[in-house]
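In my numbering, the protein residues as written are 60 to 555. Ideal Cβ positions, reconstructed from N, Cα and C, are used throughout, including at glycine. Have a look at the structure below before the remarks.
This is the structure we're talking about:
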């Protein structure tokens with residue numbers, strides 16, 4: 060299906076152009092005007108993505124809203140965009156999270172307001188480009204370009220060790236991606252094209268598939284991040300401003316998981332089946348071991364950061380069991396985690412803005428001073444634990460059902476995330492929210508104002524909507540998941 064109107068290009072380039080404009084005029088415009096302009100821009104960019112939802116044909120196979128134009132003729136590189144059920148939801152999710160990030164930084168960011176808001180709009184457009192690109196070079200450009208605004212966000216508006224965290228984030232993800240470029244060049248030499256969909260049908264010997272799979276694994280595993288290349292994430296989260304943590308957890312981690320769906324599985328299906336147990340073991344380590352690591356954290360941001368690693372382990376586990384429930388559950392978990400992790404980091408940001416501390420020990424009895432905030436914080440922690448009727452339950456339950464179909468013992472280990480998730484989430488809530496007022500600083504806390512309340516209520520709406528009515532989210536991806544699984548099940552080895 061081709062798009063009559065270039066809606067994907069508009070979704071990509073509108074936030075980039077508006078973000079660049081905010082950055083360039085920031086020194087000559089008042090901060091209040093910049094904030095209002097950033098909010099209007101982010102809302103407009105979200106509204107632009109709505110036709111993707113309303114116009115998406117859930118029964119159609121293949122790519123929709125396709126755009127194609129020659130970009131670099133000499134190498135046959137095209138500006139090709141398109142989405143299917145695997146990528147559709149991540150575009151409006153990216154735009155929506157950007158709206159919440161702008162609202163969250165409304166009163167908190169005082170320095171370089173235009174540059175701050177503009178950086179997030181730039182980042183939004185680049186991430187939408189990653190989810191839309193169907194040309195290898197175009198994908199790589201967008202994939203790497205996302206590092207630049209996030210590097211600046213952490214390095215300029217971050218905490219005391221922001222420079223160290225920004226460099227670690229940048230170097231880990233950049234070095235991991237270099238092997239992907241090598242794999243893309245190899246695929247170009249074999250196919251004569253950078254067309255990602257043509258790569259899906261390219262017959263490759265098993266040895267080449269394994270090398271390509273491992274090259275992709277290095278890049279995407281760092282981005283997810285999977286154990287043991289996860290160490291950059293807690294540092295980045297702790298030092299990043301609240302908005303940076305929200306986008307990092309809600310969207311940027313999904314770029315790596317999406318890479319497995321768009322590249323690793325369809326391009327190297329035989330290697331994926333050969334190395335499935337490696338991926339399952341790494342995923343289970345993330346679920347079990349990182350869940351235990353989260354349990355002993357004293358810093359709220361670090362706890363939620365490790366929680367994100369554990370939940371993303373659930374995503375990769377679902378992908379490599381090669382059944383519909385597992386893959387669909389992994390994608391649903393990605394969407395759900397976008398809402399829940401974003402909400403958790405925003406809640407921690409609300410507390411930090413008031414007390415300038417993220418240490419759990421510095422809090423206690425917050426519910427006595429902030430009842431509205433506490434109710435929402437508890438809801439998001441419950442969702443993070445996988446409480447039924449919240450979005451956190453749906454994806455995890457689907458992955459566990461898929462795991463039971465694959466191997467009972469793997470399912471049993473995966474189900475421990477429900478125990479560990481409840482343990483570290485509720486332990487934090489017990490120490491921070493409940494009990495008597497712990498000290499004078501907590502006694503002086505004031506409950507959330509209208510801006511913060513409606514921001515968190517918006518996320519609570521989506522967490523409950525997805526938990527109570529997951530069908531619209533799931534039915535979009537069913538045809539694409541079946542096509543992917545059928546493709547992975549068909550050997551792609553060249554004829555002897």
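Extent of the continuous beta strand (DSSP E) run through residue i
| i | result |
| --- | --- |
| residue 142 | 136 to 142 |
| residue 126 | 123 to 131 |
Of the listed residues the options, nearest to residue i (C-alpha basis)
| i | options | result |
| --- | --- | --- |
| residue 353 | 368, 524, 102 and 393 | 368 |
| residue 135 | 141, 127 and 142 | 127 |
| residue 276 | 342, 432 and 260 | 342 |
| residue 478 | 151, 76 and 443 | 443 |
| residue 543 | 338, 328 and 202 | 328 |
| residue 416 | 222, 491, 98 and 512 | 491 |
| residue 500 | 425, 143 and 107 | 425 |
| residue 316 | 498, 238, 146 and 133 | 146 |
| residue 398 | 419, 90, 452 and 414 | 452 |
| residue 112 | 150, 455, 312 and 308 | 150 |
| residue 384 | 248, 206, 294 and 541 | 541 |
| residue 257 | 284, 194, 273 and 199 | 194 |
| residue 264 | 375, 249, 254 and 255 | 249 |
| residue 233 | 89, 174, 199 and 476 | 199 |
| residue 455 | 313, 185, 377 and 190 | 377 |
| residue 209 | 77, 303, 190 and 291 | 303 |
| residue 90 | 173, 516, 125 and 153 | 173 |
| residue 159 | 411, 509, 405 and 549 | 405 |
| residue 221 | 154, 261, 521 and 298 | 298 |
| residue 546 | 381, 437 and 495 | 381 |
| residue 410 | 358, 388 and 153 | 358 |
| residue 289 | 366, 85 and 130 | 366 |
| residue 259 | 371, 438, 142 and 326 | 326 |
| residue 462 | 252, 267 and 335 | 335 |
| residue 154 | 130, 73 and 537 | 73 |
| residue 96 | 78, 469, 418 and 434 | 78 |
| residue 93 | 170, 362 and 464 | 170 |
Opposing strand residues paired with residue i [DSSP bridges]
| i | result |
| --- | --- |
| residue 355 | In DSSP, residue 355 forms no bridge with anything. |
| residue 620 | With the chain covering 60 to 555 only, the question about residue 620 has no answer from this structure. |
| residue 418 | 358 |
Cβ-Cβ separation, residue j to residue i (assumed contact under 8 Å), whole Å
| i | j | result |
| --- | --- | --- |
| residue 101 | residue 182 | Residue 101 to residue 182, Cβ: 11 Å. No contact. |
| residue 162 | residue 514 | 5 Å |
| residue 485 | residue 440 | 7 Å |
| residue 156 | residue 401 | 6 Å |
| residue 556 | residue 333 | Within the shown structure, residues of the chain are numbered from 60 to 555, placing residue 556 beyond reach of any answer. |
| residue 319 | residue 279 | 6 Å |
| residue 225 | residue 214 | 4 Å |
| residue 449 | residue 350 | That pair is no contact at about 18 Å. |
| residue 379 | residue 338 | 4 Å |
| residue 423 | residue 497 | 3 Å |
| residue 216 | residue 142 | So it is not a contact: roughly 32 Å between Cβ atoms. |
Span of the alpha helix (DSSP H), counted from its first residue to its last, around residue i
| i | result |
| --- | --- |
| residue 218 | Note, residue 218: premise wrong, no alpha helix (DSSP H); not H, not E. |
| residue 461 | 450 to 465 |
| residue 556 | As displayed, the chain neither begins before 60 nor continues past 555, which places residue 556 out of reach and without an answer. |
| residue 331 | 328 to 333 |
| residue 431 | 430 to 443 |
| residue 153 | 149 to 163 |
| residue 84 | 66 to 84 |
| residue 502 | 499 to 502 |
- Item | Segments assigned alpha helix (DSSP H), at least 4 residues, entirely inside the segment 254 to 312 | Counting whole runs of 4 or more residues, the segment 254 to 312 contains the alpha helix (DSSP H) stretches 255 to 259, 265 to 282, 291 to 298 and 301 to 306.
- Pick out the complete alpha helix (DSSP H) segments inside the segment 512 to 552, 4 residues or longer, and give them in chain order. Whole alpha helix (DSSP H) segments, 4+ residues: 530 to 548.
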